[in-house]
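Line by line, the protein sequences are chains A and B.
Mapping the first sequence onto our numbering, position 93 (from 1) lands on 93, and the numbers just tick up by one.
To get our numbering, take the position in the second sequence, counting from 1, and add 265.
Idealized CB from N, CA, C, for every residue including glycine.
Remarks on the structure that follows.
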Amino acid sequence: MSTPLDELFVRVRSENRAALIGYLPAGFPTQEGCIAALTAMVEGGVDAVEIGYPYSDPVMDGPVIQAAADTSLRNGTGAQEVMATLAAISKVAPSVVMTYWNPIERYGVENFLKDLKANGGSGVITPDLTIEESELWIASSNSHDTNRIYVVAPSTSDDRLRKVTEATSGFVYAASLMGVTGTRTSVSSSAQSLVSKLRTVTNLPIAVGLGVSTPDQAREVAQYADGVIVGSAFIRLLQESSTLAEGVEKVRELAQDLSKGLSRA
Amino acid sequence: MSLAVDSDIIGHFGPYGGRFVPEALIGALDELALAHEVAQKDPSFQAELAELHRTYTGRPSIITEVKRFAEHAGGARVFLKREDLNHTGSHKINNVLGQALLTKRMGKKRIIAETGAGQHGVASATAAALMGLECVVYMGEEDTKRQSLNVARMKLLGAEVIPVTQGSKTLKDAINEAMRDWVTNVETTHYLLGTVAGPHPFPTMVRDFHRIIGIEARAQMLELLGRLPDVILACVGGGSNAIGIFHPFLDDAGVRLIGLEAGGSGVETGLHAATISGGSPGVLHGTRSYVLQDKNGQTIESHSISAGLDYPGVGPEHAYLNDIGRAEYRPVTDAQAMEAFALLCKTEGIIPAIESAHALAGTMQVGKELGPDAILLVNLSGRGDKDVQTAAEYFGIPL
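Structure representation (structure tokens):
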């Protein structure tokens, strides 16, 4: 059975363009503010949404997302708030949850997948779950028809790229560089070579994230990848705006600008 | 079957351990696991490390029987394994010298480390100076204020100390920041983790470098008494000194192993760092073990008068030894630890680290439970010079 996310990638492939994927942590800047900003993102042209489940010890994240996660956790964001955000946004765009492993383990793998599905979620991105620790996760997500999205890095060996992509569904999350999330002045050249290596081992769609923030960078990545993931740039707009309404409008404008450059020549 | 089995090939101790890390680190962890495995079997590596321990660390560390202190421990015979007499003042040097040698073998020129109280940071800076490596130490901003003397020590030794301002600004956040540095600079940099936690191979490797404590102590007790002790006691934060002394005794069924956790204001108050006594299984910093966490799986801040035990996780092998019943873990409050601290100072002329004072407090309890026939061996993991200010404040001694 295919998820809304699977269907999205079939559609953008037929349109000869890349999908634009936007990220925000649930509960940031507030529970309602997050839903408003994600909705504006989708209206602006984002094709799919990643909802972050904020975690106290986010070792893959740079200062921008750390600060947003802190805000969200102080707002009292937990599993219920993540699921409520998912329920609201999955009505307008294919949606996945991105989370470190412990919150899922604590919630219970079966319950988490059941509730994810009930709230319209297509899949889960698990940046710190290795395939060696995935036995239960693979079995359970198979039985719930949920996309299992793993993150690979420029340092990942060819042999391991094969193993990880065999366990993946929906899309492969290719980290553009060795480092943590955050905006960068340019997209690392390692992104394109990682995508090329991935093409030799998998037919899955490949989305590039980490350090993609401007329309120029999105246009560049769209030439070789199936998806462009933008997170910190949206968060920064919300952090820098004096009112939520202003932030939401800026998020919509950035989504519009980013979505203009996704077609392949 | 021997209990002293190694973890499986990807670092599991029963359901605990393993690797929960970004894919970017897998290559470096594999490289490290292989380097460690090769070094363990390489006589030239072992000889080089042994020579460093003999001529630099000051090993073997001695055993001291503490008769006056023992009067407050039910009259049992109490022996201290004196890791406090090692160069840099604690057991931490055993691990850093081993990992620094491995760093050179892997051709890396830069080490990063996290530190809470500063003991591991000072030890790492020391090994880096000795071996000509660049050294960066991440330390929670709160801890840099509490332990400014150790910050100065690290700087004198040539290390760069980076105060961590994220999260709770303590040890757990210093580890987060060190892992972020490692993800970014993994090609040139070794993360010299200071305890038996973190992703495989750290829990196994760090334990192997600290096993020398238990290996020496076992031989020393046999030579002294012609028999093994009834009980071995050690403090447990991450658990490196405890696993170091426990591990060579795992197959000695008659020897009880007791880990003393930091009970802070009391486990029932919620203000503690007693991860096994008061936590639950979960994943933190790349490994599955006991964790202090809330209902959503968010890490709860730990509390202890001892910065070195103030950590909301614990090594996965301890979690396993607890579950199979081979080792026991008990909480000791700040007040109990400080009572034992003062007592060792006044009865034996030894100022212990506040971390180690938790083991001494446990010794007083267990000695009273077992009576005068019992033989207790305590790992005195560190000396208390670094804690003089904290202790002076605690006891109201004007500075």
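Original post:
On the three-state DSSP scale, how would you describe B:A607?
Top reply: B:A607 falls in the helix class under three-state DSSP.
Original post:
Would you call the segment 375–391 of chain B and the segment 418–430 of chain B in contact, with 3 or more CB pairs under 8 Å?
Top reply: With the cut-off at 8 Å, the segment 375–391 of chain B and the segment 418–430 of chain B touch.
Original post:
From A:G120, A:I65, A:T214, pick the residue whose C-alpha is nearest to that of A:A88; which is it?
Top reply: Considering only alpha carbons, the answer is A:G120.
Original post:
In chain order, which continuous runs of the alpha helix (DSSP H) of length 4 or greater are located wholly inside the segment 401–454 of chain B?
Top reply: Every unbroken stretch of the alpha helix (DSSP H) spanning 4 or more residues and falling wholly within the segment 401–454 of chain B is given here in chain order: 406–411, 413–421, 436–450.
Original post:
Any beta-carbon of chain A closer than 7 Å to the one on B:I275?
Top reply: Yes, B:I275 counts as interfacial toward chain A.
Subject >> Cβ pair A:G123, A:T146 closer than 7 Å >> reply: Result yes, Cβ atoms of A:G123 and A:T146 sit closer than 7 Å.
Subject >> Selection of the segment 184–200 of chain A by Cβ proximity to chain B, strictly under 9 Å >> reply: Within the segment 184–200 of chain A, no residue has a Cβ lying closer than 9 Å to any Cβ of chain B.
Subject >> Local conformation of A:G211 per DSSP, three classes >> reply: Three-state result, A:G211: coil.
Original post:
Quick one, are the C-beta atoms of A:P54 and A:P25 less than 7 Å apart?
Top reply: Taking the C-beta atoms as reference points, A:P25 is found nearer than 7 Å to A:P54.
Subject >> A:S95: first and last residue of the uninterrupted beta strand (DSSP E) it sits in >> reply: 95–98 is the extent of the beta strand (DSSP E) around A:S95.
Subject >> Residues that A:V152 contacts on chain B, provided the C-beta gap is smaller than 8 Å >> reply: Within chain B, the residues near A:V152 are E288.
Original post:
The beta strand (DSSP E) with B:L522 in it runs from where to where?
Top reply: The continuous beta strand (DSSP E) containing B:L522 extends over residues 521–529.
Subject >> Near-chain B residues of the segment 48–71 of chain A (beta-carbon distance less than 9 Å), N- to C-terminal order >> reply: Listed in sequence order: Y53, P54, Y55, S56, D57, P58, V59, M60, D61, G62, P63, Q66, A67, D70.
Original post:
Is the segment 190–207 of chain A touching the segment 124–135 of chain A in the sense that three or more CB pairs, one from each, lie closer than 8 Å?
Top reply: Too few Cβ pairs lie closer than 8 Å, so no.
Subject >> Local Cβ density within 10 Å of B:V461, reported as buried at 16 or more and exposed below that >> reply: Within 10 angstroms of the beta-carbon of B:V461 lie 16 or more other beta-carbons, which makes it buried.
Original post:
Between the segment 291–319 of chain B and chain A, which residues of the former have a C-beta closer than 7 Å to a C-beta of the latter?
Top reply: Taking a C-beta cut-off of 7 Å against chain A, the contacting residues of the segment 291–319 of chain B are I291, G292, listed in chain order.
Original post:
Helix, strand or coil for A:S196 per DSSP?
Top reply: It is helical.
Original post:
Of all Cβ atoms in chain B, is any one closer than 7 Å to the Cβ of A:S169?
Top reply: False, the Cβ-Cβ gap to chain B never drops below 7 Å.
Original post:
Which bits of chain B does A:W101 rub up against, with CB to CB less than 7 Å?
Top reply: Within chain B, the residues near A:W101 are F285, V548.
**OP:** For A:M178, go through chain B and note every residue whose CB falls closer than 9 Å to its CB, in chain order.
**Re:** For the C-beta of A:M178, the chain B residues within less than 9 Å are, from N- to C-terminus, A289, V448, T449, N450, V451, E452.
Original post:
Which residues in the same chain have their Cβ closer than 6 Å to the Cβ of A:A175, if we skip the five residues on either side of it in sequence?
Top reply: Correct list, in chain order: V151, A153, L210.
Original post:
Counting only beta-carbon atoms, is A:E133 nearer than 7 Å to chain B?
Top reply: So, interface residue.
Original post:
Leaving out the 5 sequence neighbours to the left and right, which residues in its chain are closer than 7 Å to A:S241 when beta-carbon positions are compared?
Top reply: Taken in chain order, the residues that qualify are G247, K250.
**OP:** Flag this pair as yes or no: are the beta carbons of B:Y281 and B:A605 separated by less than 7 Å?
**Re:** Against a cut-off of 7 Å, the Cβ pair of B:A605 and B:Y281 comes out as no contact.
Original post:
Which residues bound the beta strand (DSSP E) around A:P25?
Top reply: In the DSSP assignment, A:P25 falls within the beta strand (DSSP E) that extends over 19–25.
Subject >> CA-to-CA distance, B:D652 to B:P663, given in whole angstroms >> reply: Straight-line Cα distance between these residues: approximately 15 Å.
**OP:** Find the nearest neighbour of A:G44 within the set A:D61, A:P63, A:I21, judged by alpha-carbon distance.
**Re:** Closest by alpha carbon: A:I21.
Original post:
Should A:G78 be flagged as near chain B, meaning a C-beta pair shorter than 7 Å?
Top reply: For A:G78, the answer is yes, since a Cβ of chain B falls inside 7 Å of its Cβ.
Subject >> Three-state secondary structure assigned by DSSP to A:Q223 >> reply: Here DSSP, grouped into helix, strand and coil, assigns A:Q223 to coil.
Subject >> Same chain only: Cβ atoms within 6 Å of B:T353, ignoring 5 sequence neighbours per side >> reply: Once the five neighbours on either side are set aside, the close Cβ partners of B:T353 are V387, A388, T391.
Original post:
Tell me, which residues are paired with B:Q558 by DSSP?
Top reply: Partner(s): B:T564.
Original post:
Given that A:S157 touches chain B, what residues does it touch there, using C-beta distances under 9 Å?
Top reply: What A:S157 touches in chain B: I291, G292, D295.
Subject >> Range covered by the beta strand (DSSP E) that runs through B:T534 >> reply: Taken as a continuous stretch (DSSP letters only), B:T534 belongs to no beta strand (DSSP E), as it is neither H nor E.
Subject >> Within 7 Å, strictly: CB atoms of B:I541 and B:I510 >> reply: B:I510 is positioned such that its CB atom lies no closer than 7 Å to that of B:I541.
Original post:
Closer than 7 Å, CB to CB, is A:P205 near chain B or not?
Top reply: No, no contact with chain B.
Original post:
Is A:R148 closer than 7 Å to A:S141 when the C-beta atoms are compared?
Top reply: Going by C-beta atoms, A:S141 is nearer than 7 Å to A:R148.
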